[in-house]
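A short write-up of the structure that comes next.
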Amino acid sequence: MCAQLITQHDITAVCGSSLGGFYALYLAEKYGLRCGLINPAITPWMDFERNDNQERYDIAELDVESNGHYVDQLQSYFTPTLTHPERCLVLIGTADEVLDHRQMMRHLAGVRQIIVQAADHSMSDFGGHLHELMQFVHMCDLSGGFWFLILFKLK
5 MCAQLITQHD ITAVCGSSLG GFYALYLAEK YGLRCGLINP AITPWMDFER
55 NDNQERYDIA ELDVESNGHY VDQLQSYFTP TLTHPERCLV LIGTADEVLD
105 HRQMMRHLAG VRQIIVQAAD HSMSDFGGHL HELMQFVHMC DLSGGFWFLI
155 LFKLK
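When we follow our numbering, the leftmost residue of the sequence shown carries the number 5, and every step to the right adds one.
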């Protein structure tokens, strides 16, 4: 579905948070898009296995015995390296209680990083950097208009 939207609407940028950030990173690399990330998951198939995350997000409802293949499929979207790290900006909260901020920093080492001290996973005010993130994503060629996908988990 995302591939169809990207090609039909000339999408030039993606933004994502958490698991949406994982997918945004994949789409940015695959389609050469600009990318804005907020506390992105790097290895979500491993994160889903952690007991504290299962309890926090009631992942037990995802019956791993019969639906575990959905979690396993995440590995096929893993982006081990970025061809153009300059097309990406990431906001990383150091108090993320769900994902390891150090893993994000290591994996996205070549990417412009804004480290937001004491920000948790939800980063509800974007660490005061929403304007900067949107400006970065907006720096693409606007001659044909500006389109982007936002991939966030809604509560």
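Cβ coordinates follow ideal geometry from the N, Cα and C atoms, glycine included.
What you are looking at is a predicted structure, and each value in this text was computed from that prediction instead of being measured.
I think residue i touches residue j, with their Cβ atoms under 8 Å apart; what is that distance to the nearest whole Å?
i     : j      : result
Gly40 : Val141 : 4 Å
Leu29 : Thr83  : 5 Å
Pro44 : Gly20  : 6 Å
Whole angstroms are fine: how far does the CA of residue j sit from the CA of residue i?
i      : j      : result
Leu31  : Thr16  : 11 Å
His105 : Leu93  : 15 Å
Asp51  : Leu103 : 7 Å
Met138 : Glu53  : 33 Å
Pro89  : Leu37  : 11 Å
Met127 : Val18  : 18 Å
Ile96  : Gln12  : 31 Å
Tyr74  : Gln121 : 33 Å
Ala123 : Glu101 : 9 Å
Ile119 : Ala113 : 12 Å
Thr85  : Cys6   : 21 Å
Ala99  : Asp14  : 36 Å
Gln34  : Thr87  : Reading off the sequence shown, one finds Lys at residue 34, where the question assumed Gln. Cα-Cα distance, rounded: 10 Å.
Nearest CA to the CA of residue i: which residue from the options?
i      : options                      : result
Gln117 : Gln79, Ala7, Ile42, Thr47    : Ile42
Tyr27  : His73, Gln77, Glu53          : Gln77
Tyr81  : Val18, His13, Leu23, Gln12   : Leu23
Gln79  : Trp49, Ala113, Glu136        : Trp49
Gly25  : Ile119, Thr98, Asp124, Ile46 : Ile46
Met143 : Thr98, Lys34, Arg91, Ala99   : Arg91
Nearest chain D C-beta to residue i closer than 7 Å, yes or no?
i      : result
Gln121 : No chain D appears in the structure shown, which is made up of a single protein chain.
> Are at least three pairs of beta-carbons, each pair with one atom in the stretch 102–113 and one in the stretch 129–146, less than 8 Å apart?
Replying inline: no
>> Runs of 4 residues minimum, wholly inside the stretch 113–138: which ones carry the alpha helix (DSSP H) assignment?
In response: none
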